[in-house]
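Residue numbers (this note's numbering): 1093 to 1231. We put the beta carbon where it would ideally sit given N, CA and C, even for glycine. In this text the structure is predicted, and so the values were computed from the model without any measurement. The structure under discussion appears below in the form of structure tokens.
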């Protein structure tokens, strides 16, 4: 029989606000998200529920570390900010050259799992995965 899988979508609060957060607020929001992820994974371990998956939105060092270390945290949905910025710059260049830019800029979000974390980190962050996280993945 297949075990039921329940997904918890944990989205940082900054995505629901109509204003841009300053650095202190963003760090506080990210810390709260990591705490929620950690507590959710710990509660599921305590309940012996490996069939429940936790999925979050947004990738940073702390979330990547949790993704590498926790079995219940299965995926992170992450925007492709670099590609979005590049597309916006191209649209701006077209406009400056007198050409009509595309009316919309759309990029498909990345789904990052422990299996593709190293490759995805390089693609999304444009840097190699930190050694500490690589070591967690090797376990």
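On a Cα-Cα basis, can you pick out the residue from the options that is closest to residue i?
{"i": "residue 1224", "options": "1132, 1140, 1148 and 1153", "result": "1153"}
{"i": "residue 1178", "options": "1160, 1168 and 1198", "result": "1198"}
{"i": "residue 1233", "options": "1193, 1144 and 1170", "result": "Residue 1233 lies beyond the range of the chain shown here (1093 to 1231); nothing can be said about it."}
{"i": "residue 1201", "options": "1229, 1175 and 1210", "result": "1175"}
{"i": "residue 1141", "options": "1204, 1162, 1226 and 1208", "result": "1162"}
{"i": "residue 1205", "options": "1189, 1195, 1222 and 1167", "result": "1167"}
{"i": "residue 1172", "options": "1222, 1127 and 1212", "result": "1212"}
{"i": "residue 1207", "options": "1195, 1123 and 1221", "result": "1221"}
{"i": "residue 1158", "options": "1131, 1138 and 1139", "result": "1131"}
Contact check, residue i vs residue j under 8 angstroms by CB: the rounded distance?
{"i": "residue 1165", "j": "residue 1149", "result": "The Cβ separation is near 12 angstroms, so there is no contact."}
{"i": "residue 1133", "j": "residue 1228", "result": "Their Cβ separation, rounded to whole angstroms, is 14 angstroms, which puts residue 1133 and residue 1228 out of contact at 8 angstroms."}
{"i": "residue 1136", "j": "residue 1144", "result": "5 angstroms"}
Measure the CB-CB distance between residue i and residue j and report whether it falls below 8 angstroms.
{"i": "residue 1129", "j": "residue 1146", "result": "yes"}
{"i": "residue 1226", "j": "residue 1210", "result": "yes"}
**OP:** Count the CB pairs spanning the region 1179-1193 and the region 1201-1218 that are closer than 8 angstroms, and state whether there are at least three.
**Re:** no
Original post:
Can you list, in chain order, the stretches of the alpha helix (DSSP H) that have 4 or more residues and sit fully within the region 1162-1224?
Top reply: 1173-1188 and 1209-1217
Original post:
Whole beta strand (DSSP E) runs in the region 1124-1151 with 3 or more residues, listed along the chain?
Top reply: 1145-1149
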